[in-house]
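Each position in the sequence shown, counted from 1, maps to that position plus 991 in the working numbering. Every residue gets a Cβ at the ideal spot worked out from N, C-alpha and C, and that includes glycine.
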Amino acid sequence: MKFTPAPTAVAAAAAALALALTAAAYLAVVGPTHAALERRGHLQGLLDQAEEQRRTVEADARDYERRATDAERRAAEHPYLAIPAPGLNERLARLTTLADESACRVLEMFSPPKHDPAAPAVITIKGSATFPAWSAFIEAVAREFPDLAPTRLSLIGNAEDPAIGVAAWIDLAWYAAGNDHAAPAAK
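Structure below.
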């Protein structure tokens, strides 16, 4: 006796085999391909982001180079000689002496850092004295330091009574090059 399977059993076995082969093909080919495509998309996003950062850095570098070139050009147009920090200290000490000689009490004196090399350095003085004393101080500064010019002079007090002390805030522009403090070059 010969065993002959029923045609539906053969069809069911064939369908099961086809389904198993399809699942195996998906797991072996389609699944990893889909995962690789997702990873590629993620990596492409990272690459695009890095490319954008590179373009930004290059643009910033060009901008900094242009600004440095402009600053060098402006600095070359102004014949100033940089003075080391001790030169600044000597200048501040002399300004303090001039203030004392003018009967002005200096409460604070400093020179903040510059951000534009072509802009003058600033020496800020805060103190108290009478109106005539501050006037004498400004005149003494103008005589002794022709490279200093007042850019702010705020006096708070009673101008009608010159004997009464007033608070002062004075900014002196020091026409100097670079972030180092400087004075004009000798000719």
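Would you tell me roughly how many angstroms separate the C-alpha atoms of residue i and residue j, rounded to the nearest one?
| i | j | result |
| --- | --- | --- |
| Ala1090 | Phe1136 | 13 Å |
| Tyr1166 | Pro1104 | 14 Å |
| Ser1093 | Pro1111 | 25 Å |
| Lys1117 | Trp1160 | 5 Å |
| Ser1126 | Ala1109 | 29 Å |
| Ala1050 | Arg1031 | 28 Å |
| Ala1006 | Lys993 | 24 Å |
| Leu1034 | Thr999 | 50 Å |
| Ala1073 | Asp1107 | The predicted position of Ala1073 is uncertain, since its pLDDT is 49 and thus under 50; a value taken from the coordinates is nonetheless stated next. Their backbone Cα atoms lie some 15 Å apart in a straight line. |
| Ala1011 | Ala1004 | 10 Å |
| Ala1052 | Gly1036 | 24 Å |
To which residues of the same chain is residue i closer than 8 Å at the C-beta, ignoring the five residues directly before and after it?
| i | result |
| --- | --- |
| Arg1058 | none |
Could you pull out every residue in the same chain whose Cβ sits closer than 6 Å to the Cβ of residue i, ignoring the five residues on either side in sequence?
| i | result |
| --- | --- |
| Thr1142 | Asp1162, Ala1164 |
Going along the chain, which residues of its own chain have a beta-carbon closer than 7 Å to the beta-carbon of residue i, five neighbours each way excluded?
| i | result |
| --- | --- |
| Thr1087 | Val1097, Met1100 |
| Ala1158 | Ser1119, Ile1147, Gly1148 |
| Ala1124 | Ser1093, Ala1094, Cys1095 |
I'd like to know whether the C-beta atoms of residue i and residue j end up nearer to each other than 9 Å.
| i | j | result |
| --- | --- | --- |
| Ile1155 | Leu1144 | no |
With distance defined between alpha-carbon atoms, name the residue in the options nearest to residue i.
| i | options | result |
| --- | --- | --- |
| Leu1083 | Arg1064, Asp1061, Cys1095, Ile1114 | Ile1114 |
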